[in-house]
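For the sequence shown, position 318 matches number 382 in this note's numbering, and the numbering has no gaps at all.
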Amino acid sequence: MKNISRLRYFIYLSLIIIGGCTTGKKALQKGDYDASVEKSVSRLQNSPKNSEAMEVLKTAYGLALQDHLRKIEEAKMSNDLFRWESVMYDYQKINQLADDINSCPACLAIVPNPSKYIAELADSKYNAAGARYSSGLGFLRENNRQAAKKAYYEFEKTLNLQPNYKDAKAKMEDAYWAAVTRVVVQPIIVNSGMYKLSADYFQQQIDQYIAKYSRNKFVIFYGEEQATSQKVVPDQVLSLNFDDFVVGQTYVKERVEKLKRDSVVIGETRDKKPVYGTVKATLSIFEKNISSSGLLDMSITDWKTRKLVRQQKFPGTYIWRDSWASYKGDDRALSNQQLAITRRKEQLPPPPSALFLEFTKPIYNQLVDDIGYYYNNY
Numbered sequence: 065m066k067n068i069s070r071l072r073y074f075i076y077l078s079l080i081i082i083g084g085c086t087t088g089k090k091a092l093q094k095g096d097y098d099a100s101v102e103k104s105v106s107r108l109q110n111s112p113k114n115s116e117a118m119e120v121l122k123t124a125y126g127l128a129l130q131d132h133l134r135k136i137e138e139a140k141m142s143n144d145l146f147r148w149e150s151v152m153y154d155y156q157k158i159n160q161l162a163d164d165i166n167s168c169p170a171c172l173a174i175v176p177n178p179s180k181y182i183a184e185l186a187d188s189k190y191n192a193a194g195a196r197y198s199s200g201l202g203f204l205r206e207n208n209r210q211a212a213k214k215a216y217y218e219f220e221k222t223l224n225l226q227p228n229y230k231d232a233k234a235k236m237e238d239a240y241w242a243a244v245t246r247v248v249v250q251p252i253i254v255n256s257g258m259y260k261l262s263a264d265y266f267q268q269q270i271d272q273y274i275a276k277y278s279r280n281k282f283v284i285f286y287g288e289e290q291a292t293s294q295k296v297v298p299d300q301v302l303s304l305n306f307d308d309f310v311v312g313q314t315y316v317k318e319r320v321e322k323l324k325r326d327s328v329v330i331g332e333t334r335d336k337k338p339v340y341g342t343v344k345a346t347l348s349i350f351e352k353n354i355s356s357s358g359l360l361d362m363s364i365t366d367w368k369t370r371k372l373v374r375q376q377k378f379p380g381t382y383i384w385r386d387s388w389a390s391y392k393g394d395d396r397a398l399s400n401q402q403l404a405i406t407r408r409k410e411q412l413p414p415p416p417s418a419l420f421l422e423f424t425k426p427i428y429n430q431l432v433d434d435i436g437y438y439y440n441n442y
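Have a look at this one:
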């Protein structure tokens, strides 16, 4: 019986503690009136007769309303250009508290007519949109790319606040095109018919990258043909040229090893006993490396001033390797691994066009990383 009594006591104590945590009393004591209202409402929705939650709601709601109205008056009297956003935020919080209370029948017995400021909220949103719109116009009048970028975001905020505010949508479009950097990418020229197909493939990879580029909405890439057909006047021209490339430099190295192995059965006696001796062989190992490499120059030029604004060089190397071997002498002097390599034949290397393509792969990776780095926050 004593254990049952203790258990009931602990359950009762736990309920008191949980009740104190969920009625909003602690939030009220800390001065977080909004949270106090929210918790007391939640508690009364589940336990409509909770006296502590009723008392908390009555006190917390009055203080929350008073606090938000004070902040609204202070914001209206400030010189902050965007003060109406602060006003709007506090009206939204007041209205949210009212909605919470209206969704709880037990709460309405405590706060019968929670205040809502619908017209005031609408006016503050309109005024906030006007402030952002005026800020956008100011940036747009500066007539430079960075300011136009700021103007774009101001008009975007205007439309988020007031979707049909004056001509904000058109101004946002104007700001966008004033902020955009148009980059024309010139095609790579390779003066060799042998490598034309590989160079074309490399160019296609670059074209696909610039066509899908979307990290910075204020940078648009154009291929040269596209720019010509659309009569695009570029802000910058990105040129790509191979300073130099070498395909198929061949190096063959021969390594000769003298091999011998002792205690190898080399025969038998008349009475069929094994005869042990030493066997020898000469192993010639051939290693062929075919190296292909190139250096790509990337230069970015300002179209109006013709000044070079960025230049980078990207190296790339690909080495095709082959190995085989031959031997003279007794194959028993060779290990299994050595014997296996002697069974290999010299392989035909890939064609030059394939070697060209291979050394451009590391160049491509460096190139797109650098383009991304340069233009992502341009």
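We put the beta carbon where it would ideally sit given N, CA and C, even for glycine.
Nearest residue (CA-CA) to A195, options N114, D308, L223: As a working mapping, residue 195 is identified with position 131 in the sequence shown. Selected option, being the one with the closest Cα: L223.
S417 - containing alpha helix (DSSP H), residue span: By one-based count along the sequence shown, residue 417 stands at place 353. Counted as a single uninterrupted DSSP element, the alpha helix (DSSP H) harbouring S417 occupies residues 416 to 439.
Per DSSP, cross-strand counterpart(s) of L372: Stepping through the sequence shown from its first residue, residue 372 is reached at position 308. T365, per the DSSP bridge assignment.
Alpha carbon of K180 to alpha carbon of D154, nearest angstrom: Along the sequence shown, one-based indexing puts residue 180 at 116. Along the sequence shown, one-based indexing puts residue 154 at 90. Cα to Cα, the separation comes out at about 11 angstroms.
Straight-line gap, Y286 to P298 (C-alpha atoms, nearest Å): What you label residue 286 is simply residue 222 of the sequence shown in a count that begins at 1. What you label residue 298 is simply residue 234 of the sequence shown in a count that begins at 1. Rounded to the nearest angstrom, the two C-alpha atoms are 9 angstroms apart.
Of the residues L185, I165, E318, D326, the one placed nearest I349, counting alpha carbons only: For this step, residue 349 is matched to residue 285 along the sequence shown. The option with the nearest alpha carbon to I349 is E318.
Proximity of N305 and L347 at Cβ, strictly below 9 angstroms: One-based indexing of the sequence shown puts residue 305 at position 241. One-based indexing of the sequence shown puts residue 347 at position 283. Not a contact, by the Cβ cut-off of 9 angstroms.
Proximal residues to C85 (C-beta, below 7 angstroms), its chain only, five neighbours per side dropped: As a first step, residue 85 must be located in the sequence shown, where it is residue number 21. Only weak support is given to the placement of C85: the predicted model assigns it a pLDDT of 47, under 50, and the value that follows is read from those uncertain coordinates. Scanning its chain for C-beta atoms nearer than 7 angstroms, with the 5 sequence neighbours on each side dropped, one finds no residue around C85.
Residues sharing a beta bridge with W443, DSSP: Absent from the structure is residue 443, since the part of the chain shown begins at 65 and ends at 442.
Host alpha helix (DSSP H) of N191 (start-end): Along the sequence shown, one-based indexing puts residue 191 at 127. N191: member of the alpha helix (DSSP H) spanning 182 to 205, first to last residue.
Backbone CA spacing between Y442 and M258 [nearest angstrom]: Translated into positions along the sequence shown, residue 442 becomes position 378. Translated into positions along the sequence shown, residue 258 becomes position 194. Y442 and M258 have their C-alpha atoms roughly 38 angstroms apart.
Option nearest N369 by Cα separation, candidates M152, Q300, A212, T424: Mapped onto the sequence shown, residue 369 falls at position 305. The sequence shown places Thr at residue 369, not Asn. Of the listed residues, the one whose Cα sits closest to T369 is Q300.
Three-state secondary structure (DSSP) of I252: Translated into the one-based positions of the sequence shown, residue 252 becomes position 188. If DSSP states are grouped into helix, strand and coil, I252 belongs with coil.
For C85, three-class secondary structure by DSSP: As a working mapping, residue 85 is identified with position 21 in the sequence shown. In this prediction, C85 has a pLDDT of 47, which is less than 50 and means its spatial position is unreliable; what the coordinates show is noted afterwards. Looking at C85 - three-state DSSP - the assignment turns out to be helix.
7 angstroms Cβ shell around S262 - same chain, five flanking residues per side excluded: Taking the sequence shown and counting its residues from 1, the one referred to as residue 262 is at position 198. Hits under 7 angstroms: S417, F420, L421.
Rounded distance between the beta-carbons of F219 and T424, thought under 8 angstroms: In the sequence shown, the residue the question calls residue 424 occupies position 360. In the sequence shown, the residue the question calls residue 219 occupies position 155. Not really, about 43 angstroms apart at Cβ, beyond 8 angstroms.
Span of the alpha helix (DSSP H), counted from its first residue to its last, around L127: The residue labelled residue 127 in the question sits at position 63 within the sequence shown. Residues 115 to 141.
Limits of the beta strand (DSSP E) - the one that T314 falls within: What you label residue 314 is simply residue 250 of the sequence shown in a count that begins at 1. It spans 300 to 332 - the beta strand (DSSP E) in which T314 sits, taken as one unbroken run.
Residue interval of the alpha helix (DSSP H) (run including F219): Counting from one through the sequence shown, the residue named residue 219 turns up at place 155. Where F219 is concerned, the enclosing alpha helix (DSSP H) stretches over 209 to 225.
Buried/exposed call for S149, threshold 16 Cβ in 10 Å: Within the sequence shown, the letter at position 85 stands for residue 149. Checking the displayed sequence, the identity of residue 149 turns out to be Glu instead of Ser. E149 is classed as buried because its beta carbon has at least 16 other beta carbons within 10 Å across all chains shown.
Integer Cβ distance of T342 from K324, believed to fall under 8 angstroms: Counting from one through the sequence shown, the residue named residue 342 turns up at place 278. Counting from one through the sequence shown, the residue named residue 324 turns up at place 260. That belief holds up - the Cβ atoms of T342 and K324 are roughly 6 angstroms apart, short of 8 angstroms.
Option nearest P227 by Cα separation, candidates Y190, V310, G200: For the purposes of this step, residue 227 is identified with residue 163 of the sequence shown, where counting begins at 1. In terms of CA proximity to P227, Y190 leads the group Y190, V310, G200.
S399 to I405 span [Cα, whole Å]: As a working mapping, residue 399 is identified with position 335 in the sequence shown. As a working mapping, residue 405 is identified with position 341 in the sequence shown. For S399 and I405, the gap between their C-alpha atoms comes out near 10 angstroms.
Helix, strand or coil at I158 according to DSSP, with G and I counted as helix: Here the question's residue 158 lines up with position 94 in the sequence shown. Helix, per DSSP.
Extent of the continuous alpha helix (DSSP H) run through Y273: Reading the sequence shown from its first residue, position 209 is the one you call residue 273. DSSP places Y273 in the uninterrupted alpha helix (DSSP H) bounded by 260 to 276.
Buried/exposed call for G95, threshold 16 Cβ in 10 Å: The count along the sequence shown starts at 1 and reaches residue 95 at position 31. Exposed, by the Cβ-count rule.
K230 versus E237: straight-line alpha-carbon distance, rounded: For the purposes of this step, residue 230 is taken as residue 166 along the sequence shown, with counting starting at 1. For the purposes of this step, residue 237 is taken as residue 173 along the sequence shown, with counting starting at 1. It is roughly 14 angstroms from the alpha-carbon of K230 to the alpha-carbon of E237.
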